[in-house]
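Asker:
Numbering (the working numbering), first residue to last: -14 to 405.
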């Protein structure tokens, strides 16, 4: 079939959901990149539904179409535990088996064979199990998933948990190795993750860093600051729940012994009953939950904390806080993969005692707060804008599709920030 415009690709996107509203790190990345690329290419999602009327409107306004199949079963109840048990006898990790269905595979195969697409963009590694006949494949690795499972095994409090999560880590590493060898391009969010996939002998690895909407997230002049530490993140993601619970139980009491009006505000979607119960009786801990706009909470924060013990990829929550000029204290895991230096753009702490000491130093030193905030904003302006990231992803698409690459500046994809 002749190509009408060699610079315009027809892209099939496979993912677990439509990334609207952009209220989690993964959704924020996916939406901001594909929204920009939809101004130059045809983008069609294949994923699970249903979607809300608001989501349909957001897609239509950005020229993005989608094919939806019935939703995946919930991760609870006897059937869920039955699937977990059955996965013990599978070659695939559970996160791959859970997301693979015949109904979605059938739609994808039919579309791939239709000649209506030039490229398959697989937006999350577990979806690389889907066959996309006749199409070059680009896979986005938001994290090194096997690292997440390994870290979860290390922090599990039970023997069964350590064994189960360790098994998932081994299976996921095998799946990641296979994915890297079979696709045309692996896109990672950091050079650290890229080196891992290169060690897996992936054919072609490119870094497309996470970003931040620099107009939407910007410093607020003379904000009314409280003595609040703020954590922002999707609370239905286990590493975030683990981080908040551990910080509230072990670090917050150390801080309040010296400053009893200090509080921890936890902001994010879908907090579990378990998390709510853990925070309910802890003095100074406030579970805010999901909010339409995180910026007021970031603006009032004395500092933003990212106490992750488990995780991978890079943290968009850090970039958003830095874009607003807020000082950030993070674990090494939390700041992993970002081009940021301890003491220059943020502070690193890896134990409750170290966290408490660094926060106390920060609170006592307004000049340090100002310097970290200014350096952080400068860093994200230099490296982490979405327009430049979208250009890098477009280059990966064009190379995988065998199209001539055109040198573009970040401004070539400039448009208003993601509608929220």
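Note that CB positions come from ideal geometry on N, CA and C, so glycine has one too.
Since the structure is predicted, the reported quantities are computational estimates derived from the model, not experimental observations.
Which same chain residues end up closer than 8 Å to residue 439 when comparing Cβ atoms and leaving out the 5 residues on each side of it in sequence?
Answerer: It is not possible to answer for residue 439, since the shown part of the chain is limited to -14 through 405.
Asker: Would you call residue 315 buried or exposed, if buried means 16 or more other Cβ atoms sit within 10 Å of its Cβ?
Answerer: Counted from its first residue, the chain shown places residue 315 at position 330. Residue 315 is buried by the Cβ-count criterion.
Asker: Using a Cβ-Cβ cut-off of 7 Å (strictly less than) and excluding sequence neighbours within five positions of residue 286, which residues of its own chain qualify?
Answerer: In the chain shown, counting from the first residue as 1, residue 286 sits at position 301. Excluding positions up to five away in sequence, the list reads 213, 214, 215, 311.
Asker: Would you identify the three-state DSSP class for residue 107, choosing helix, strand or coil?
Answerer: Locating residue 107 in the chain shown gives position 122, counting from the first residue. Reduced to three states, the DSSP call for residue 107 is strand.
Asker: Apply the 10 Å Cβ neighbour rule to residue 245 and answer buried if 16 or more other Cβ atoms are within range, or exposed otherwise.
Answerer: Counting from 1 along the chain shown, the entry for residue 245 is found at position 260. It counts as exposed.
Asker: Is the segment -14 to 5 touching the segment 96 to 111 in the sense that three or more CB pairs, one from each, lie closer than 8 Å?
Answerer: These segments touch.
Asker: For residue 393, which residues from the same chain have a beta carbon less than 6 Å from its beta carbon, with the 5 sequence-adjacent residues on both sides left out?
Answerer: What you label residue 393 is simply residue 408 of the chain shown in a count that begins at 1. With a pLDDT of 49 at residue 393, under the threshold of 50, the modelled position of that residue is not reliable, and no figure is offered here.
Asker: Quick check on the DSSP output: what are the complete alpha helix (DSSP H) runs of length 4 or more inside the segment 1 to 46, in order along the chain?
Answerer: 10 to 22, 38 to 46, all fully within the segment 1 to 46.
Asker: So the beta strand (DSSP E) residue 83 belongs to, where does it begin and stop?
Answerer: Here residue 83 corresponds to residue number 98 of the chain shown, with the count starting at 1. Segment 79 to 84 is the alpha helix (DSSP H) holding residue 83; no beta strand (DSSP E) there.
Asker: According to DSSP, is residue 271 helix, strand or coil?
Answerer: Working through the chain shown from its first residue, we reach residue 271 at position 286. Note: residue 271 maps to strand in three-state DSSP.
Asker: So for residue -1, helix, strand or coil by DSSP?
Answerer: Numbered from 1 along the chain shown, position 14 holds the residue referred to as residue -1. Looking at residue -1 - three-state DSSP - the assignment turns out to be strand.
Asker: How about residue 184 and residue 221: do their beta carbons lie closer than 8 Å?
Answerer: Against the chain shown, residue 184 aligns to sequence position 199. Against the chain shown, residue 221 aligns to sequence position 236. No, the Cβ-Cβ distance between residue 184 and residue 221 is not below 8 Å.
Asker: Write down every uninterrupted run of the alpha helix (DSSP H) in the segment 201 to 245 whose length is 4 residues or greater and which is fully enclosed by it, in chain order.
Answerer: List check, alpha helix (DSSP H) in window: 223 to 235, 237 to 241.
Asker: Just checking my contact of residue 307 with residue 330 at CB under 8 Å: how many whole Å lie between their CB atoms?
Answerer: Here residue 307 refers to the residue found at position 322 when the chain shown is read from its first residue. Here residue 330 refers to the residue found at position 345 when the chain shown is read from its first residue. Right, their Cβ atoms sit about 7 Å apart.
Asker: Can you tell me the Cα-Cα spacing of residue 162 and residue 247, whole angstroms?
Answerer: Walking along the chain shown from the start, residue 162 turns up at place 177. Walking along the chain shown from the start, residue 247 turns up at place 262. C-alpha separation (whole angstroms): 46 Å.
Asker: Helix, strand or coil for residue 126? Go by DSSP, reduced to three states.
Answerer: Walking along the chain shown from the start, residue 126 turns up at place 141. In this structure, residue 126 counts as strand in the three-state DSSP scheme.
Asker: Could you pull out every residue in the same chain whose Cβ sits closer than 7 Å to the Cβ of residue 131, ignoring the five residues on either side in sequence?
Answerer: Start at 1 with the first residue of the chain shown, and residue 131 comes out as number 146. 154, 157, 158, 161, listed in sequence order.
Asker: Quick check: what's the CA-CA separation for residue 2 versus residue 33?
Answerer: Taking the first residue of the chain shown as position 1, residue 2 is located at position 17. Taking the first residue of the chain shown as position 1, residue 33 is located at position 48. C-alpha separation (whole angstroms): 6 Å.
Asker: Using 8 Å for Cβ pairs, my map puts residue 233 next to residue 263. What's the rounded Cβ distance?
Answerer: Translated into the one-based positions of the chain shown, residue 233 becomes position 248. Translated into the one-based positions of the chain shown, residue 263 becomes position 278. Indeed they touch by this definition, with Cβ atoms about 7 Å apart.
Asker: Does the beta-carbon of residue 207 have 16 or more other beta-carbons within 10 angstroms, so that it is buried, or is it exposed?
Answerer: Residue 207 sits at position 222 when you count from the first residue of the chain shown. When all chains shown are included, residue 207 counts as exposed.
Asker: Taking 8 Å as the cut-off, does the segment 359 to 377 touch the segment 184 to 194 (at least 3 CB pairs, one atom from each stretch)?
Answerer: Cβ pair count under 8 Å is three or more, so yes.
Asker: Helix, strand or coil: how does DSSP classify residue 181 here?
Answerer: Locating residue 181 in the chain shown gives position 196, where the first residue counts as 1. Note: residue 181 maps to helix in three-state DSSP.
Asker: Whole angstroms are fine: how far does the CA of residue 120 sit from the CA of residue 97?
Answerer: Mapped onto the chain shown, residue 97 falls at position 112. Mapped onto the chain shown, residue 120 falls at position 135. Rounded to the nearest angstrom, the two C-alpha atoms are 7 Å apart.
Asker: Examine the Cβ distances between the segment 334 to 345 and the segment 78 to 94 and report whether three or more of them are shorter than 8 Å.
Answerer: The answer is no - the segment 78 to 94 does not touch the segment 334 to 345, with fewer than three Cβ pairs under 8 Å.
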